[in-house]
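Right, one structure below, let's go through it.
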């Protein structure tokens, strides 16, 4: 029984933004990257660790002396470049995903707590965040490599330990805006405590931002990992990693250019794809963010 | 006496992803010296877009003026070039908007902002600019005007800021002043001061004024005539007293009946059923018909403007046509 | 001899001061007396309208009553018990009895939650109804505010402003509160929708016996909805009494100016024209004596030094030396 006549429930034209054209190329590259990394053993034509001094510095297939057995050529130990690049994708993907997941979870938590409580908690947390942001990642990784020794774990730790601060900053900013909105006060009036407000109201409304940030950061992490591997502070040989592969070809850039070129190209394409994808996500999700 | 502003069948369309919206759909009215027209309506009625169309500031490229004529002292503004319009805007036709904080640039002092129209339109130079600016601030009753020139917008209260905006608007002096909800963001007592100021300025400079608002109380006190807009059309227009005491259009009647009045307490207000119209999905008939308690078959066809009494027109099949 | 039933809400000398740091190093602190010794009552099933301009303290007062801020002084008694001294269980019970509807229909509903979840949230936090029970209650509440049951599955952005306010009202009623604070509930809505919502609120009061603290700057709406009106200026109540008396025959000069500025649409209603000069002073440095005296057209010499107390005059309380 209604008190008054039921008004027409006119669903407004949904504000969910009509998708701009999907970024097919970026999505495609990212998808290929992930698939290649996951299915490496099935895709690689040869064993990436298989050395053969006889086959050193074979050029790619389209040059003289190249062959289809080694489509992109071989490096200075006669290992197939294509297979090493394929397996290298695993390292990059693992480093990217693990690091970003750890740092985003921790960083978002810090941002949420700082934004919600404000006051002294916020001040202290933000000072810690600022200090962390100003510390150079490469330096930390080098220190770890020198003291503890280079390894995958150390790369992840070195990057994550600093990267979380970026998430904390951004999420805190968004939380501050959200806190001024009435629905937070309403939750309090309904008796909700800090935990409920943070997890059920603040966090879901920051997810869009998190998704965009995460996508953009994966590319960044891949570059940092590659840089560390290039410097010898990252994934130690013989594990194929794009950065160290570039380093290995450093002295032969004029003679056996392919050894450095193709790993470098792989990094370029993958990072570019993630950045473009992140940009597109931000543009698509932004109207909803502004709706807040 | 020729009209200061004569709008004939003005039409402005906005192209959106959900279709073309007829934001202004054949609006006509004329104003003389010193006359004030209240433009009333809800969100989406087209009242703000009408004002923007008059000075050709519609948001391009989505919005376009597609028809009609706007004659300012006999001169059709819709046929003018962009350069000519630049000379007219701010000088012969001035506008005051709702939010004074966005009308004033927060990083420039008041004096610097007033300098622009004075040097551009009146060719003033040097110390004459500051003198004239102080004069204008004094005309809008800002105390210590010379000192205020050095102040920044954030140092002034809302009411003061609107006065500064008003000072810039009367610098012309304009032939037509359009005020779009100028007092909505002000406190009530400040609002009363401001409305009194506008009327005094109008008396002194004899400009025509279009006052856009959704507040019928303001209309009752400050306007000579009122035009009620709905879905881009004027559905009723006439002298204020007549419209308020003998409204003919069902929307006007419903609007007046839905407003709480002093001294008539705690009876049910007459609510208007339904929701404001979706402008992208208007049919060919009267836009108010879906919510009209008196709608009948003829309403499937859009009613023309019919004259009910001297100076009083309405768009409703219940009243001839 | 039957005792008088305690009034639902009794506010006495309620005070809230905010500290403001001034000076380069934060030495001297100023005090904003946002709410200064304010007293009023709200009986059960009745509406108190609270009016005043920016800086008068009505928003802070509503926050104090909603326990979103703690008072610096004075007391709030709900059903005879002092709210500040309630134990944890008592405080939770108070929360359940006092709810709110705010101005902005676009900010008061979490855009990421479905309507059903939004309306059910107070139930989840405060009751042990199971999911089916909550669903039933939500359907009941949506029906009471005139929305169909399927609204529960939709998101807020699929509704218009007026419909969202209905959802906000449904949520406010979820725990069957005894008092609902309405802070500008219709000012963000189109004029033709306001009547719908105001009618709904009146019907709910008649049907459920809920009291309202109605805050709005639309004085005609306040006069329409309220049984009693209190007028605030710079943290103090300057006039309070029966709504008709205050609205139609105001006594305090500020109330007169306020209602004169309200511009009724009845052209023939006799009005006392009273336009105030000057701006509303900053709450950091309120004038001495009667806070209104710098702008008062009837100010006398001692208005600058002696603060007037609320005194009874023609059926209401006025704080003015004229009476």
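Protein chains in written order, with my numbering: chain U, 662 to 953; chain F, 19 to 339; chain L, 282 to 604. Built from N, CA and C at the ideal position, the CB exists for glycine as well. Computed from a prediction, not measured in an experiment: that's the story for all the values here.
- Boundaries of the beta strand (DSSP E) around residue 494 of chain L: 492-496.
- Ranked by how close their Cα comes to the Cα of residue 25 of chain F, the residues F/92, F/80, F/309 and F/32 have F/92 in first place.
- With at least 16 other beta carbons inside 10 angstroms of its own, residue 866 of chain U counts as buried.
- Sorting F/234, F/286, F/110 and F/186 by C-alpha distance to the C-alpha of residue 485 of chain L places F/286 at the top.
- Residue 202 of chain F and residue 294 of chain L have their C-alpha atoms spaced approximately 33 angstroms apart.
- Secondary structure at residue 376 of chain L: helix, using DSSP grouped into helix, strand and coil.
- Within the stretch 207-235 of chain F, 207, 208, 209, 210, 211, 213, 214, 232, 233, 234 and 235 place their CB atoms closer than 9 angstroms to a CB of chain L, listed in sequence order.
- For the stretch 227-294 of chain F, the continuous beta strand (DSSP E) assignments of 3+ residues that do not extend past its boundaries occur at 243-248 and 251-257, in sequence order.
- In the DSSP assignment, the residues bridged to residue 113 of chain F are F/196.
- Not a single C-beta of chain U is nearer than 8 angstroms to the C-beta of residue 369 of chain L.
- For residue 940 of chain U, the three-state secondary structure derived from DSSP is helix.
- By the Cβ-count criterion, residue 740 of chain U is buried, with 16 or more other Cβ atoms from all chains shown falling within 10 Å of its own Cβ.
- For residue 510 of chain L, the uninterrupted beta strand (DSSP E) run begins and ends at 509-514, by DSSP.
- For residue 351 of chain L, no alpha helix (DSSP H) segment is defined, and its DSSP state is neither H nor E.
- A Cβ-Cβ distance of about 15 angstroms is found for the pair residue 372 of chain L and residue 458 of chain L, leaving them out of contact under the 8 angstroms criterion.
- Proximity of residue 843 of chain U to chain L, defined by a Cβ-Cβ separation below 8 angstroms, is satisfied.
- Residues of chain L whose Cβ lies closer than 8 angstroms to the Cβ of residue 852 of chain U are, in chain order, 373, 376, 377, 403, 406 and 407.
- Counting C-beta pairs with one atom in each stretch, the stretch 243-262 of chain F and the stretch 323-334 of chain F have three or more that are closer than 8 angstroms, which means they touch.
- Pairing residue 562 of chain L with residue 515 of chain L gives a Cβ-Cβ distance under 8 angstroms.
- Going by beta carbons, residue 176 of chain F and residue 139 of chain F fall outside the 8 angstroms limit.
- When rounded, the separation of the alpha-carbon atoms in residue 198 of chain F and residue 187 of chain F is 13 angstroms.
- A straight-line Cα-Cα distance of about 9 angstroms links residue 323 of chain F and residue 252 of chain F.
- DSSP places residue 744 of chain U inside the alpha helix (DSSP H), whose first and last residues are 742-778.
- Per DSSP, the continuous beta strand (DSSP E) segment holding residue 33 of chain F begins and ends at 23-34.
- Along the stretch 806-831 of chain U, there is no position whose C-beta sits under 7 angstroms from a C-beta of chain L.
- Annotation note: the stretch 834-894 of chain U contains the following uninterrupted alpha helix (DSSP H) runs of length 4 or greater, listed N- to C-terminal: 843-850 and 864-892.
- Burial state of residue 804 of chain U is exposed, judged by a 10 Å Cβ sphere holding fewer than 16 other Cβ atoms.
- The Cβ atoms of residue 440 of chain L and residue 448 of chain L lie closer than 8 angstroms to each other.
- The CB of residue 426 of chain L never comes closer than 9 angstroms to any CB in chain F; the least such distance is about 14 angstroms.
- Where residue 331 of chain L is concerned, the enclosing beta strand (DSSP E) starts and stops at 328-332.
- DSSP places residue 37 of chain F in the strand class (E or B) of the three-state scheme.
- Residue contact with chain F for residue 472 of chain L: present (Cβ-Cβ distance below 8 angstroms to some residue of chain F).
- At a C-beta separation below 8 angstroms, residue 364 of chain L has no neighbours in chain F, since its nearest C-beta there lies roughly 29 angstroms away.
- DSSP, reduced to helix, strand and coil, places residue 537 of chain L within a helical segment of the structure shown.
- Straight-line spacing of the CA atoms in residue 325 of chain F and residue 290 of chain F works out to 25 angstroms.
- For residue 363 of chain L, DSSP records a beta bridge to L/358.
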